[in-house]
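Notes follow the structure.
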Amino acid sequence: MRHFIIATVLSLLFASTLWATPINVTGKGKSEEAALANAKTKALEQAILQLVDEASYKKFKSKIQATIKGKNYIISAKEAGEAEFTGAGYEVAAVVEVNTKALEADISGLGILQESMGNPRIMVLYNPKLPQGGKLGATRHDLEAFFDNSYGSIVDVLVDKGFDVIDKGTAEKFSLQVAESHELDIDINKAAAFGLKNHAELILYYQAVGVGMEGDSHSAAKLFIRTELINATTSRIIASKKVDASSGASTLQEALLRSADEAGKKVAAVTIEAIKKSWKREKTMGSTYIFVMDGVDDAEEISGFREKMKAIPEMESIRERESGGGKTTYEVKYSGSNDEVKAFVQKAAKDLGWKLKLIRSEGNRSTWKKQ
Numbered sequence: 002m003r004h005f006i007i008a009t010v011l012s013l014l015f016a017s018t019l020w021a022t023p024i025n026v027t028g029k030g031k032s033e034e035a036a037l038a039n040a041k042t043k044a045l046e047q048a049i050l051q052l053v054d055e056a057s058y059k060k061f062k063s064k065i066q067a068t069i070k071g072k073n074y075i076i077s078a079k080e081a082g083e084a085e086f087t088g089a090g091y092e093v094a095a096v097v098e099v100n101t102k103a104l105e106a107d108i109s110g111l112g113i114l115q116e117s118m119g120n121p122r123i124m125v126l127y128n129p130k131l132p133q134g135g136k137l138g139a140t141r142h143d144l145e146a147f148f149d150n151s152y153g154s155i156v157d158v159l160v161d162k163g164f165d166v167i168d169k170g171t172a173e174k175f176s177l178q179v180a181e182s183h184e185l186d187i188d189i190n191k192a193a194a195f196g197l198k199n200h201a202e203l204i205l206y207y208q209a210v211g212v213g214m215e216g217d218s219h220s221a222a223k224l225f226i227r228t229e230l231i232n233a234t235t236s237r238i239i240a241s242k243k244v245d246a247s248s249g250a251s252t253l254q255e256a257l258l259r260s261a262d263e264a265g266k267k268v269a270a271v272t273i274e275a276i277k278k279s280w281k282r283e284k285t286m287g288s289t290y291i292f293v294m295d296g297v298d299d300a301e302e303i304s305g306f307r308e309k310m311k312a313i314p315e316m317e318s319i320r321e322r323e324s325g326g327g328k329t330t331y332e333v334k335y336s337g338s339n340d341e342v343k344a345f346v347q348k349a350a351k352d353l354g355w356k357l358k359l360i361r362s363e364g365n366r367s368t369w370k371k372q
């Protein structure tokens, strides 16, 4: 029993350190103890501001304070040196560890984090092509019926959770174009490009495979849906999920459509968490911006432009993604707007004596031509 208690205590201590965020602050007070208490208060406020922006904090400050009142989020507080007497009181530098996991959970319950971050604009795209080269449904009418059920149930869940989904007609156009093409596998880049063209930030891209058994009075169907969550700007897969659903009905077609409806709801539900995590990461670390420089492929020009961009403090994270065919593609993380990034690109080009023309701008991706 004693070993169990020791093991439990150690595991709890270890778990708490996983979510301990050290924050350096300076506290002030009439006594050394009061100064340290002030440091704890400041550290907690800084931890909150890491979760929500300043405007949201000011707007919901009373609500936040009421929620965290009486709860202890401070794991430890250590003075970094001796307290200094300033004449009016004491001043102490301290390292305060805050349990940001617990703090985030409590603030999330208020809905403030979601309001602070907003929600990404999502496009739901269906790829009707199967691995074997077939498709669900022998006619265009069958395809449209299946699309209505699977797409509709996915969108219902997303909209119910507050996500902005791009209109159905545009998404249906994509699935019909794919169905009528001769390609078996549709490249992720094509889905990303289609989404970007329609100002989507994230794309929920899915395929389905159905199996069924048809009887005289009762039929059954099972549907498997695989979905990929794609960052429209970078064409990268953020998450991949699989679900299945079974249904019975008087006809095989009806059973299949019921399965499509159920599987759509399931896949939307499991994807939402991935969407939230990705969006939170984007908001915290900054959005990804891509710019293609047409006419820049010489090694000295590539590195010269990169260094000029790096000289701008906000653009220090810039890197080359690829180069060839007379073009170079750069990627950068930035928490500001697309217009600001474009201004930085033009500034770097001007410093190099280049003249640039903006050829295309879609979402966070822009293409420039060196004149």
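If you want the numbering used here, it's the 1-based position in the sequence shown plus 1.
We put the CB at the ideal spot given by N, CA and C, even for glycine.
Keep in mind the model is a prediction, meaning the values are calculated, not measured.
Secondary structure of residue i, DSSP reduced to three states
{"i": "L353", "result": "coil"}
{"i": "V150", "result": "According to the sequence shown, residue 150 is Asn rather than Val. Reduced to three states, the DSSP call for N150 is helix."}
{"i": "V96", "result": "strand"}
{"i": "S218", "result": "coil"}
{"i": "V26", "result": "strand"}
{"i": "G325", "result": "strand"}
{"i": "E317", "result": "coil"}
{"i": "K278", "result": "helix"}
{"i": "Y91", "result": "strand"}
{"i": "E255", "result": "helix"}
{"i": "Y58", "result": "helix"}
{"i": "K72", "result": "coil"}
Span of the beta strand (DSSP E), counted from its first residue to its last, around residue i
{"i": "M124", "result": "122-127"}
{"i": "A81", "result": "Segment: none, A81 is in no beta strand (DSSP E) and carries neither H nor E."}
{"i": "A240", "result": "237-250"}
{"i": "Y335", "result": "328-335"}
{"i": "S288", "result": "288-295"}
According to DSSP, residues forming a beta bridge with residue i
{"i": "S63", "result": "Paired residues: none, contrary to the question."}
{"i": "W369", "result": "M294, L359"}
{"i": "E341", "result": "Answer by DSSP bridge pairing: none, since E341 is not bridged."}
{"i": "Y206", "result": "L126, E229"}
Extent of the continuous alpha helix (DSSP H) to which residue i belongs
{"i": "N39", "result": "33-52"}
{"i": "F164", "result": "That residue, F164, is in no alpha helix (DSSP H); it is neither H nor E in DSSP."}
{"i": "A192", "result": "189-198"}
{"i": "I303", "result": "300-311"}
Close Cβ partners of residue i (< 6 Å) along its chain, the five nearest in sequence each way excluded
{"i": "A264", "result": "L224, I226, V244, A246"}
{"i": "A201", "result": "R122, M124, I167, A233"}
{"i": "Y206", "result": "L126, A192, E229, I231"}
{"i": "V293", "result": "K328, T330, T368"}
{"i": "E85", "result": "E92"}
Sequence-distant residues of the same chain with beta carbon closer than 7 Å to residue i, five excluded per side
{"i": "S260", "result": "G211, A222, K223, L224, A246, S247, S248"}
{"i": "D352", "result": "K309"}
{"i": "N190", "result": "S236"}
{"i": "K356", "result": "Q372"}
{"i": "A95", "result": "V26, G28, L37, A40, A78, K79, E80, A81"}
{"i": "H183", "result": "Confidence in H183 is poor, its pLDDT being 48 and thus under 50, which makes the residue's placement too unreliable to answer from."}
{"i": "A97", "result": "Ala is not the amino acid found at residue 97; the sequence shown has Val there. Contacts found: I24, V26, A40, K41, A44, I75, A78."}
{"i": "L253", "result": "G213, E215, S220, A222"}
{"i": "Q66", "result": "none"}
Cutoff 8 Å; reference residue i; Cβ partners in own chain excluding five residues on either side
{"i": "T289", "result": "N232, T234, T235, E283, E332, V333, K334, N365"}
{"i": "R322", "result": "I291, T330, Y331, E332"}
{"i": "S251", "result": "S218, H219, S220"}
Would you call the segment 146-166 in contact with the segment 320-334, where contact means no fewer than 3 C-beta pairs closer than 8 Å? no
So does the segment 38-47 actually touch the segment 73-84, counting three or more Cβ pairs closer than 8 Å? yes
Do the segment 271-279 and the segment 292-307 touch if we need at least three Cβ pairs shorter than 8 Å? no
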